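Asker:
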Amino acid sequence: MRLSWALVHSRNLSDVQRGILMLEAALDKKPDDDQKREIFYLLAVGNYRAGEMARARRYVDQALVISPDFRQGITLRKLIEDKIAKDGVIGIGIAAAAATVVAGGLAALLTKKR
0 MRLSWALVHS
10 RNLSDVQRGI
20 LMLEAALDKK
30 PDDDQKREIF
40 YLLAVGNYRA
50 GEMARARRYV
60 DQALVISPDF
70 RQGITLRKLI
80 EDKIAKDGVI
90 GIGIAAAAAT
100 VVAGGLAALL
110 TKKR
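So the sequence shown is residues 0 to 113, counted in numbering that gives the first Met the number 0.
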């Protein structure tokens, strides 16, 4: 478990992915609830660090089902939600900017034809 912890906290994405694979394999070994909570939490951390917010949210939610008062899990859940919200706002901004460029291009074409 210590190696998995170190890997998912690494700055190297390939290490994070390796840690995720190790933790997923650990779930197959039928761990007890405390171990499951820790594995789900570390899977959430790894997926968060890998940019997989939907998977990170699923895993942290599973950890919180086992232990609803798990402070680290609650904190991570908030970080994940904030990141998802921020990415959504950025996505909306990009879409709005693209629509403005397209509309401007169409307006320019229409005025040229006249």
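Where is the CB? At the ideal position from N, CA and C, for every residue including glycine.
Quick caveat, the model's predicted, so the values are computed rather than measured.
So, with DSSP's three-state summary, where would you put R76?
Answerer: In the sequence shown, the residue the question calls residue 76 occupies position 77. Correct three-state label for R76: helix.
Asker: Where does the unbroken alpha helix (DSSP H) through S66 begin, and where does it stop?
Answerer: Taking the sequence shown and counting its residues from 1, the one referred to as residue 66 is at position 67. Unbroken run through S66: none, as it is neither H nor E.
Asker: Unbroken alpha helix (DSSP H) runs of length 4 or more, entirely within the stretch 21–61: which are they?
Answerer: Counting whole runs of 4 or more residues, the stretch 21–61 contains the alpha helix (DSSP H) stretches 32–48.
Asker: Answer with buried or exposed for V7, where buried requires no fewer than 16 other C-beta atoms within 10 angstroms of its C-beta.
Answerer: Here residue 7 corresponds to residue number 8 of the sequence shown, with the count starting at 1. Buried, because 16 or more other Cβ atoms sit within 10 Å of the Cβ of V7.
Asker: Rounded to whole angstroms, how far is the Cβ of K35 from the Cβ of I83, which I believe are closer than 8 angstroms?
Answerer: Working through the sequence shown from its first residue, we reach residue 35 at position 36. Working through the sequence shown from its first residue, we reach residue 83 at position 84. That belief does not hold up - the Cβ atoms of K35 and I83 are roughly 24 angstroms apart, past 8 angstroms.
Asker: Are L75 and A43 touching if we call contact CB-CB under 8 angstroms?
Answerer: The sequence position of residue 75 within the sequence shown is 76, counting from 1. The sequence position of residue 43 within the sequence shown is 44, counting from 1. Contact flag set, yes.
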